[in-house]
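Trainee:
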Amino acid sequence: MFPGNCSRNTYRGAVHACGRARYAPRSLALARRSPDPFPMNALSVRGLTKTYRNGVQALKGVDLEVERGDFFALLGPNGAGKTTLIGIITSLVNKTAGEARVFGYDIDHELEAAKACIGIVPQELNFNMFETPYTIVVNQAGFYGIPRAIARQRAEKYLKQLQLWERRRGISRSLSGGMKRRLMIARALVHEPRLLILDEPTAGVDIEIRRSMWEFLREINDRGTTIILTTHYLEEAESLCRNIAIINGGRIVERDRMSSLLRRLHVQTFVLNVREPLAAAPRLEGYAATALDDHTLEIEVSKEENLNGIFARLSALGIEVLSMRNKVNRLEEIFMQLVEGRGPAGEGGRGAAAAAPPGAAGATPLRAGAPR
Amino acid sequence: MSSVALPGAPPVNLNVVRWIGFQTIVIREYGRIIRIWGQTIVPSVVTATLYFVIFGSLIGRRVGAMGGFDYKQYIAPGLIMMSVITNSYGNVVASFFGAKFGKHVEEMLVSPLPNWVIVAGYATGGVVRGLLVGTAVTVVSLLFTHLQVQHLAVILAAGLLTSLIFALGGFLNALFAKNFDQVNWIPTFILTPLTYFGGVFYSITLLPPWAQQVSYINPILHMVNAFRFGFLGVSDVSIGLAFALMALAAAALFAVAVALMNRGAGIRE
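Those protein sequence lines, which keep their order, are chains A and B. With my numbering, letter number 112 in the first sequence gets 112, and the count goes up by one each step, no holes. With my numbering, letter number 263 in the second sequence gets 1263, and the count goes up by one each step, no holes.
1) Whole angstroms are fine: how far does the CA of S260/A sit from the CA of E67/A?
2) Can you give me the C-alpha to C-alpha distance between S1002/B and V1137/B, rounded to a whole angstrom?
3) Y1051/B: buried (16+ other C-beta within 10 angstroms of its C-beta) or exposed?
4) Helix, strand or coil, according to DSSP, for M40/A in the structure here?
5) In the structure shown, what three-state DSSP assignment does P25/A receive?
6) Taking Cβ-Cβ distances shorter than 8 Å, what residues in chain B pair up with L92/A?
7) Can you list, in chain order, the residues of the region 126–156 of chain A whose Cβ is nearer than 9 Å to any Cβ on chain B?
8) For a contact defined as C-beta to C-beta under 8 Å, what are the partners of C447/A on chain B?
9) I need the boundaries of the beta strand (DSSP E) containing T269/A, first residue and last residue.
10) Using a C-beta cutoff of 8 Å, does Q1039/B count as contacting chain A?
11) For Y52/A, would you say it is in contact with chain B, using Cβ-to-Cβ distances shorter than 8 Å as the test?
12) Measure from the alpha carbon of C117/A to the alpha carbon of each residue in N126/A, W165/A, G104/A, then state which is nearest.
13) Can you list, in chain order, the residues of its chain with a C-beta nearer than 6 Å to that of I1080/B? Leave out the 5 residues immediately preceding and following it.
14) Would you identify the three-state DSSP class for G61/A, choosing helix, strand or coil?
15) Can you tell me where the alpha helix (DSSP H) with P1193/B in it begins and where it stops?
16) Taking the continuous beta strand (DSSP E) assigned at L74/A, which residues delimit it?
17) Pair every Cβ in the region 1202–1221 of chain B with every Cβ in the region 1102–1117 of chain B, then say whether three or more of these pairs are closer than 8 Å.
18) Mind checking who D106/A pairs with in its DSSP beta bridge?
19) Note down, in chain order, each residue of its chain lying with its Cβ closer than 7 Å to the Cβ of L1245/B, except the 5 sequence neighbours on either side.
20) Going by the DSSP bridge assignment, what does M1066/B pair with across the sheet?
21) Give a yes or no on whether 8 Å exceeds the smallest Cβ distance from G224/A to chain B.
22) Quick check on the burial criterion: 16 or more other C-beta atoms within 10 angstroms. Buried or exposed for A193/A?
23) Check the Cβ of V1017/B against every Cβ in chain A and list those closer than 8 Å, keeping chain order.
24) Would you mind listing the alpha helix (DSSP H) stretches within the region 1140–1215 of chain B that are 4+ residues and don't spill past its ends, in chain order?
25) Compare the C-beta of L1113/B with all C-beta atoms of chain A and state if any pair is closer than 8 Å.
26) Could you have a look at I300/A and say whether DSSP puts it in helix, strand or coil?
27) According to DSSP, is V1237/B part of a helix, a strand, or is it coil?
28) Using C-beta distances below 6 Å, list every residue in its chain close to S176/A, excluding the 5 sequence neighbours before and after it, in chain order.
29) Find the nearest neighbour of G1198/B within the set L1175/B, I1267/B, P1077/B, F1069/B, judged by alpha-carbon distance.
30) Measuring only the C-alpha atoms, how far is P373/A from T230/A?
31) Would you check if there are 3 or more beta carbon pairs closer than 8 Å linking the region 158–177 of chain A to the region 121–139 of chain A?
32) If we count the other Cβ atoms within 10 Å of its Cβ and call it buried at 16 or more, is V137/A buried or exposed?
33) Are the beta-carbon atoms belonging to V339/A and N248/A less than 8 Å from one another?
34) Check P1077/B in the structure and name its three-state DSSP category.
35) Determine the direct distance from the alpha carbon of P77/A to that of I86/A, and round the result to whole angstroms.
36) I'd like the span of the alpha helix (DSSP H) that includes N243/A, first residue to last.
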């Protein structure tokens, strides 16, 4: 059973009621209780700033909304402010100014309620290396008020789902890097949070395990858990997330639907492997072609062009193509443009870092850092 | 706010969350004490045995009576209390600093547990170890001397309050400590001297008047004497004053620890 379902794991004492019957009245209660104009948001952050004691200004007025049920990517280069932002939301870092709400609960005034909604998989390993995976997960459930008998059931469920059950009795220090990452995911899920924050959860994990983790996260999201993901694997964000924000220098420089953002990319680069060796790059009218070596061609294709033209021209020259791949991850290209201050190519963003609310592709983009 | 509703999930009673969270911290601390019993329980038992053999049986024979009692009988409550003090302090400072150092303190900081529950949980863990080791040392002392029990309630209350005070002291030490050296400074340079000058091995009536007056400043003197009063019915200090000081110290230390946690001292930037 995943977060959102509670028939079997309903626990007495801490829980008064279960299921969607209570969900709608809660939404109304939230709207009445709170002036938050985004009560359907899992996360609302406004004007969040953080200046560390050493004078470093990690956040410079961050505004961000994440819709309930979203799979949301928060990307940025090292030192951009991602972990500080997550730290403030989870109360591991004191904010300097601004406000943050989790499902409408203000972290200044309703911190316990806000934290009850969140599960966090941090960037750094932060479990007791001398405890067993089973103990770690069961104890974490206890910190969220889940009675021990239910905590044991859930620990078994999540350790099995994350393929750690066989290693539950050994000390955690002996786990491999990938297992340690999965243990942190199991620990974050054991209280079945409504908002799961993953700060680089697949760092150092091999591709096979990474892909199985993606499937697992998709399932959790499909069952209603909002997920915020930070990652340096942009392919991961592109594959999993529906909406995206890019943070750079303590500011949100982009906020859009993933699909809208990717559509803005003006040029893609394809790498072609050819059968016969080439003496030089062929002249292809309308395309820029470069020979990487005698069997490899790199061709830039603008968004308006179709690929048939390339093959027609290559065929006319007697060049036989064996295989073709996209040279770079599309999101990576946009990401680099944004963090380098070039702005995404294509409509709506050339030359400036643009920001628009989700679903507003084609709407007037907002300039980076402008008050919203 | 005792109950909160969660979107798409059952409402949660925060009082129940706090209680289960508190139990979890105590269970985890107890598990740690038992898991590393060779470091947490055995050393104090060995040390107490050596004290009884050397100070009690060998040197004590030449000391004669102290406060109207056989020397071994006189020092037994002090030795028990010494083990309670060092273990309740040591448990919390080691466990909480270890959690800070290993970053697993974040497991609790991100949870809905309020800081006062975290402080109470760690302090209770310290009390559990202090009383466990105190009980073990009491059993050892029975191998060497006969222990009377004059006021059982006084013994239990003094043991409980003393272990609570030093558990909270250990928590504060762990909050401020930035490295393992700083974890050891207070036990080495403050706790041990105060304990040795706190009337564990002697009655302060043996001291010159000025030294007696100075000794009254030492809080451990009041704790040891209150504890000894429970066993032997004799004390160098006022029992009422001793309990008032202990209760006040425990409340003040708890309040300070919670206030520092709320500010994020030593745990949040």
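Here a beta-carbon is modelled for each residue, glycine too, at the ideal position from N, C-alpha and C. Every value quoted in this text rests on a predicted model; they were computed, and no experiment measured them.
Mentor: So, to answer that:
1) Whole-angstrom Cα-Cα distance: 17 Å.
2) Each residue's Cα considered, the two are about 43 Å apart.
3) The residue in question, Y1051/B, is buried, as its Cβ has 16 or more Cβ neighbours within 10 Å.
4) DSSP places M40/A in coil when its eight states are reduced to three.
5) Any answer about P25/A is weak, because its pLDDT of 36 lies below 50 and its placement is not dependable; what the coordinates show is given next. In the displayed model, P25/A falls within a helix according to three-state DSSP.
6) E1106, L1109, V1110, R1268, listed in chain order.
7) For the region 126–156 of chain A, which is checked against every Cβ of chain B, the residues closer than 9 Å are N126, F127, N128, M129, F130, E131, T135, I136, V138, N139, Q140, A141, G142, F143, Y144, G145, I146, P147, R148, A151.
8) What is shown of chain A runs 1 to 372, which leaves residue 447/A out entirely.
9) T269/A -> beta strand (DSSP E) spans 267–274.
10) It does not: the Cβ of Q1039/B has no partner Cβ on chain A nearer than 8 Å.
11) Answer yes: the Cβ-Cβ gap between Y52/A and chain B drops below 8 Å somewhere.
12) Taking only the C-alpha atoms, the option nearest C117/A is G104/A.
13) Taking C-beta separations shorter than 6 Å and ignoring five residues to either side along the sequence, the partners of I1080/B in its chain run G1134, V1137, T1138, following chain order.
14) Shown here, G61/A sits in a strand according to DSSP, grouped into three states.
15) From DSSP, the alpha helix (DSSP H) with P1193/B extends over 1192–1196.
16) It spans 71–75 - the beta strand (DSSP E) in which L74/A sits, taken as one unbroken run.
17) The answer is no - the region 1102–1117 of chain B does not touch the region 1202–1221 of chain B, with fewer than three Cβ pairs under 8 Å.
18) Answer is R101/A.
19) Apart from sequence neighbours up to five positions away, the residues of its chain that approach L1245/B with a beta-carbon distance below 7 Å are P1219, H1222, ordered along the chain.
20) M1066/B pairs with F1069/B.
21) Yes, contact with chain B.
22) Checking the sequence, you will find Pro at residue 193/A rather than Ala. Answer is buried; the Cβ neighbour count reaches 16.
23) Here the neighbours are A14, E112, A116, Y144, G145.
24) Taking only runs of at least 4 residues, the alpha helix (DSSP H) segments lying wholly in the region 1140–1215 of chain B are 1152–1176, 1180–1186, 1192–1196, 1209–1215.
25) Chain A, which has a Cβ nearer than 8 Å to the Cβ of L1113/B, makes this yes.
26) Checking the sequence, you will find Glu at residue 300/A rather than Ile. Strand at E300/A.
27) Collapsing the DSSP output to three states places V1237/B in coil.
28) Around S176/A: no qualifying Cβ.
29) Residue P1077/B is the option with its Cα nearest to G1198/B.
30) Residue coverage of chain A in this structure runs from 1 to 372, which leaves residue 373/A outside it and unanswerable.
31) In this structure the region 158–177 of chain A lies against the region 121–139 of chain A, because at least three pairs of beta carbons, one per stretch, are closer than 8 Å.
32) With 16 or more Cβ atoms within 10 Å of its Cβ, V137/A is classed as buried.
33) A contact, by the Cβ cut-off of 8 Å.
34) Here P1077/B sits in helix by DSSP.
35) Rounded to the nearest angstrom, the two C-alpha atoms are 15 Å apart.
36) Run containing N243/A: none in the alpha helix (DSSP H); it sits in the beta strand (DSSP E), 243–248.
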